[in-house]
Amino acid sequence: MFLAEIIKNKNIIFGHRDLNVSILVIFGLLYLPHAFKTFPSSWSLDFYQFWAVGHRINEFDRPLIYSEVFQKSVGEKLVKLAEESGSKRELNDANGRKNYIEFAGTPFLYTVFSWLPSGEYDFDYSIYHSLSLTLFLLGIFLFLYFASIPFILGPLVLMILTDLSLPFYSDSCGTNTNQLQLGLISIFLLLRLNKRKKWVNTISAFFLGLLFYFKPNIIFSVVFLFAFWFFSSSKTELIEVSCGFLIATIFVFVYSGLYLRDLACWFGWGANFMRIIQNKFYLEKSFLGWLGIFPKPETSWILGIMALCPVIAGIVFNRTKFKSLENLFIPDIHYCEFLLFGLGLLVYILTAQMVHDHYFVLTFMPTLALLSIRPLSAPKNRIEIWTKSILVGFSIILINYTVNITRYFGTLVLYGCSLWVFLKKFKPHRIKI
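Shown next as structure tokens:
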């Protein structure tokens, strides 16, 4: 009788918000120990360079961390400091970067790593590794929530995106920042879900600014969001989000400049980053390099503009629909922001001149956005449902279980599907929240 009642009333499992959240909490608590055991970092060199600048910078006299001379000479000094600390992991990682450390991170990223509490390498590494996995788990479940995907499917989603995913394995082994990023992006979108509350627009835009200056690989997402807000929001909201982002910019530039004792550090980072991405090794690994049709790194801007134009055009041409949607149903306008953020991440991966394996962790967000059953995103017929499902499933296989050019092809499929969902005609729905 009970089973028959569940089958008859599917909302008992698939539509009840409190039960969905309960499943989230219970499964999250069960999954974390498994994640810590299954995904230990075996190679923490990425974390080391972030931590070393954040915590060892005071050992140097006015270090210009983005100068090539400093990056070639700092290694031996860091090895000596590691020997004094007595940490085998720190010494091993310092020796791995003894001859040359490539400081590609932003000044704010290195400043944030100074917030790790102890200054002791092993303990700070454990804190960061645990925080990354926890935020990643939070991000996946919040994306499920935003997309109205039942949390009961959470175990299956996590198995596909973690235990069976090569990009996730790459990020975990190197202890990079992509898992952390996904969790922080989900928090930003959670703030946007409450956008009509006082100060939320300013606070969310401030948080977006911090995310951008922490790692600018969300640059296209920021462009898409501000274009969307410009054409769909009221003047008051546009002013609020602009002020929030501006405050974040001022805070980041001043704070990171003071910490690194170099107020011009952002100019140094820009010049250093441009030098790094013109390395032939990185260019050959990028999507442009695999295409083999763009001999110069600068021409990546052409592909970037080509990928930007359809999205911006869709925002402009549908601006009247978005304005009417804004006055009707918050979750649908929120889904637009969710989808646009994912589109921005895909555009970055396809146009960036430096793309590592772990960058593809960022494709998890648009993947879940495409599986949404929100009124805006839900296809109108079974052909569309099956077509989109097959394409998304195909892209998941290419991105998570293969290497090299096939990953870019999977990302391109996701970009096409996301663009299709965003540009297709829809009618706003007046639905009770």
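Under the working numbering, the residue at position 328 of the sequence shown is numbered 328, and the numbers go up by one with no gaps. Every residue, glycine too, gets a C-beta built ideally from N, C-alpha and C. Since the model is a prediction, treat every value here as computed from it, not as a measurement.
Cα separation between residue i and residue j?
i: I305; j: F273; result: 21 Å
i: V222; j: L190; result: 16 Å
i: L246; j: N176; result: 27 Å
i: S377; j: S389; result: Residue confidence is low: S377 scores 47 on pLDDT, short of 50, so the model does not pin down where it sits. No coordinate-derived value is stated.
i: V69; j: E76; result: 13 Å
i: E240; j: A205; result: 8 Å
i: R261; j: S85; result: 24 Å
i: R196; j: C243; result: 16 Å
i: S165; j: F409; result: 16 Å
i: L308; j: H358; result: 23 Å
i: I383; j: G393; result: 15 Å
i: F207; j: Y213; result: 10 Å
i: G183; j: M365; result: 10 Å
i: G54; j: T351; result: 30 Å
i: L370; j: L153; result: 15 Å
i: A313; j: L258; result: 41 Å
i: F103; j: I385; result: 45 Å
i: S256; j: V74; result: 20 Å
i: F338; j: L225; result: 9 Å
i: F341; j: L156; result: 24 Å
i: Y401; j: W115; result: 35 Å
i: V79; j: F188; result: 38 Å
i: Y455; j: E59; result: Any property of residue 455 remains undetermined from this structure, which presents the chain solely from 1 to 433.
i: S232; j: W290; result: 38 Å
i: L423; j: Q181; result: 27 Å
i: L238; j: F251; result: 20 Å
i: L303; j: A227; result: 19 Å
i: V316; j: S372; result: 23 Å
i: A147; j: C173; result: 29 Å
i: F136; j: T367; result: 15 Å
i: S126; j: S395; result: 33 Å
i: T134; j: Y145; result: 17 Å
i: T442; j: Y335; result: No answer is possible for residue 442: the residues shown for the chain start at 1 and end at 433.
i: L391; j: M159; result: 20 Å
i: V407; j: H356; result: The question names Val, but residue 407 is Arg in the sequence shown. Those two C-alpha atoms are separated by around 11 Å.
Could you round the C-beta distance between residue i and residue j to whole angstroms and report it? I think they count as a contact, below 8 Å.
i: T387; j: L346; result: Not really, about 19 Å apart at Cβ, beyond 8 Å.
i: S286; j: Q179; result: The pair is not a contact, with the Cβ atoms about 22 Å apart (cut-off 8 Å).
i: Y121; j: W51; result: 7 Å
i: W269; j: Y66; result: 5 Å
i: I218; j: G344; result: 6 Å
i: S87; j: F143; result: That belief does not hold up - the Cβ atoms of S87 and F143 are roughly 36 Å apart, past 8 Å.
i: L398; j: T363; result: In fact, because the Cβ distance is near 10 Å, the residues do not count as touching under 8 Å.
i: W266; j: P107; result: 6 Å
Got a sec: does the ligand HEM put a non-hydrogen atom nearer than 7 Å to the Cβ of residue i?
i: F224; result: As far as ligands go, the structure on display features none, and thus does not contain the ligand HEM.
Using a Cβ-Cβ cut-off of 7 Å (strictly less than) and excluding sequence neighbours within five positions of residue i, which residues of its own chain qualify?
i: S118; result: D124
i: G416; result: none
i: L138; result: G183 and S186
i: A82; result: E90, L91 and A94
i: D171; result: N178, Q179, H358 and V361
i: E5; result: Because the pLDDT at E5 is just 34, under 50, the model does not fix this residue reliably, and the point stays unresolved.
i: Q71; result: Y100, I101, E102 and F103
i: F253; result: W266
On the criterion of 16 or more Cβ atoms from any shown chain inside 10 Å, does residue i qualify as buried, or is it exposed?
i: K235; result: exposed
i: R192; result: buried
i: K215; result: buried
i: S130; result: exposed
i: A271; result: exposed
i: I405; result: exposed
i: L161; result: buried
i: D163; result: exposed
i: N318; result: buried
Can you give me the Cβ contacts of residue i inside the same chain, cut-off strictly under 8 Å, excluding the 5 residues immediately before and after it?
i: I276; result: E102, A104, Y282 and M354
i: V112; result: G54 and F214
i: L419; result: P310, V311, G314 and L343
i: N194; result: V200
i: F230; result: L238
Here's a check: name, in chain order, each residue in its chain whose Cβ is nearer than 6 Å to the Cβ of residue i, leaving out the five neighbours to either side.
i: Y110; result: V53 and G54
i: A248; result: F206, G209 and L210
i: E284; result: none
i: L263; result: G257
i: F220; result: G344, V347 and Y348
i: S132; result: Q179 and L180
Could you tell me whether any Cβ in chain B is nearer than 8 Å to the Cβ of residue i?
i: F228; result: Checking the listed chains, one finds no chain B in this structure; it contains a single protein chain.
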